[in-house]
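Protein chains in written order, with my numbering: chain U, 34 to 316; chain W, 34 to 316. Quick reminder that beta carbons are idealized off the backbone N, C-alpha and C, glycines included.
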């Protein structure tokens with residue numbers, strides 16, 4: 034049988050990545066495109082289609098046609114209509130028919146899914162979930178996404194339009210106010226947003242008044258990665274934020290393990306690369 | 034086919050109940066026996082067997098033989114060995130072969146299960162869970178037991194020897210110390226034990242110094258039912274304890290609904306009879 038290729042797309046708040054993959058999950062080439070621009074949603078969509086066209090061209094060069102496109106997006110999606118209803122990371126794309134535009138622009142079938150579910154489906158297929166029956170997936174990025182696999186299948190609950198919103202598990206009922214309106218959600222402790230907010234609070238309360246972390250805050254060039262670098266260099270404020278992240282993740286996962294009688298979790302997302310700073314016992 | 038009957042047993046910390054039921058879940062007769070006595074575990078076991086023999090006699094009077102015995106017990110069980118490993122409500126029965134004694138004493142097959150699972154299996158079979166695919170069960174009694182049904186089947190997780198320990202979901206990380214060693218478990222807010230402890234704390238802190246609730250405490254004749262009666266009569270201390278119970282139950286269930294993407298819970302156990310005192314918005 035002739036080899037077929039696929040395009041896998043990850044839509045992040047900062048970057049979009051489009052990759053050429055085969056049906057065994059091997060990645061041949063990745064295009065990275067900035068998500069936001071002054072041109073708004075139409076421009077974002079056009080640049081994404083251009084990147085995919087260049088992947089289609091690469092595929093045809095090796096004589097393997099692209100069969101379909103799969104796309105993961107944080108937020109609420111109408112997969113049947115190819116509609117991005119609302120994504121917290123790309124506010125310009127509210128009710129944007131991103132799936133339709135891609136389908137029409139490329140002449141290929143396009144499948145959309147919540148990004149945390151896509152993460153889980155990948156781990157289940159060719160990643161750490163391959164030989165695990167029951168597990169919880171967490172993506173630590175701008176926010177905290179979640180997915181659940183029971184008997185190696187994506188758990189969909191009562192099909193309510195939300196499931197596995199583990200980022201909104203309340204770990205401390207008197208904790209910080211979350212974007213969702215609740216208090217003390219996991220996401221308010223264990224996301225890039227929580228790290229940035231934590232530095233902001235330390236400055237406002239007068240606890241952080243000097244040093245490299247403060248300088249980056251003053252220059253408005255702070256990022257989760259910079260906070261990670263400062264923590265690795267021993268900055269107390271930054272280290273505390275990672276300890277708090279580890280505490281909140283530990284409490285959320287132990288609660289879920291206790292309730293579900295399971296013992297596996299798979300962590301992904303950019304912030305999970307700072308693993309060694311939050312996985313140890315609390316400081 | 035000839036009608037067959039069954040004996041269903043509920044082993045509680047205060048009372049044991051043995052019932053004659055048919056294969057449609059109809060209950061024909063219930064024997065109630067005190068669990069504890071000065072005679073220890075052997076005496077408890079002997080009195081339970083006597084009660085079951087009287088049910089067997091009743092069954093044979095109507096020409097319907099008893100086919101088997103099913104038993105629910107709070108605690109850790111070795112169902113294969115017919116062993117009650119440890120029950121928090123009946124400390125005298127540690128490593129007691131209660132299932133074996135019943136089997137030998139009655140000459141019938143005996144099945145043992147965790148009491149919260151038995152509660153769930155009953156609700157799923159002939160109760161509130163009959164037409165619900167996915168739901169969480171909670172038994173509010175001396176402690177808080179839990180069970181989970183997915184696709185109308187009892188969820189068993191990774192077969193770790195514990196599952197659905199919803200009573201030990203941490204709802205407040207700085208809450209009261211639980212018998213399990215953690216802090217702020219649901220059980221420390223939403224059980225008969227939590228109500229009794231709450232009155233004790235109110236007396237110790239000087240917040241409760243008079244009135245019917247205080248009098249019952251002083252007479253050492255306090256029970257969850259008395260606290261319920263005092264709350265119903267408007268006692269502030271008692272009402273606060275039920276409000277706290279409602280708050281903790283609401284937080285635990287909303288966390289689980291958020292994570293599992295489901296929307297049904299079934300409450301049972303003696304304390305759930307005080308429903309109208311904890312189901313409303315917090316006071």
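Contact annotation: the stretch 209-224 of chain W does not touch the stretch 158-168 of chain W, with fewer than three C-beta pairs closer than 8 Å. Separation of the CB atoms of residue 91/U and residue 62/U is rounded to 6 Å, and the pair is thereby assigned contact status at 8 Å. Distances from the CA of residue 158/U to each of 228/U, 74/U, 185/U were compared; the closest alpha carbon is that of 185/U.
Assigned with DSSP and collapsed to three states, residue 80/W falls in helix. Under the 8 Å Cβ criterion, the stretch 289-296 of chain U counts as touching the stretch 173-192 of chain W, having at least three qualifying pairs.
Taking 8 Å as the cut-off, the beta carbon of residue 146/U is found closer than this to the beta carbon of residue 105/U. For residue 65/W, the uninterrupted beta strand (DSSP E) run begins and ends at 60-67, by DSSP.
Taken atom to atom, the span from the alpha-carbon of residue 273/W to that of residue 311/W is near 9 Å. Where residue 164/U is concerned, there is no enclosing beta strand (DSSP E), because DSSP gives it neither an H nor an E. At least one CB of chain U lies nearer than 8 Å to the CB of residue 198/W. Chain U places no beta carbon closer than 8 Å to that of residue 154/W, leaving this residue out of the contacts. In the structure shown, residue 172/W falls within a strand segment according to DSSP collapsed to helix, strand and coil.
With respect to residue 108/U, residue 132/U sits apart: the two C-beta atoms are not nearer than 8 Å.
A check of alpha carbon separations from residue 148/W across 269/W, 233/W, 301/W, 281/W identifies 301/W as the nearest.
DSSP lists 116/U as the beta-bridge partner residues of residue 111/U. Taking a C-beta cut-off of 9 Å against chain W, the contacting residues of the stretch 165-185 of chain U are 166, 167, 169, 179, 181, 183, listed in chain order. Straight across, the Cα-Cα distance linking residue 286/U with residue 205/U is about 14 Å. Annotated as proximal: residue 138/U and residue 82/U, with beta-carbon spacing under 8 Å. Considering only beta carbons, the part of the stretch 281-300 of chain W lying closer than 7 Å to chain U consists of 284, 288, 289, 291, 292, 293, 294, 295, 296, in chain order.
In this structure, the CA atom of residue 57/W is about 11 Å from the CA atom of residue 155/W. In this chain, the beta strand (DSSP E) harbouring residue 178/U covers 177-183. Relative to the Cα of residue 117/U, the nearest Cα in the group 189/U, 129/U, 231/U belongs to 129/U. Residue 71/U and residue 153/U have their C-alpha atoms some 33 Å from each other. The distance from the Cβ of residue 46/W to that of residue 175/W is about 5 Å, consistent with a contact at the 8 Å cut-off. Against chain U, the CB of residue 187/W has no partner CB under 8 Å away; the residue lies outside that interface. In the structure shown, residue 205/W adopts coil according to DSSP, grouped into three states. Residue-level contact check: residue 206/U touches chain W, since one or more beta carbons of chain W fall below 8 Å from its beta carbon. In the three-state reduction of the DSSP assignment, residue 148/U falls in the helix class.
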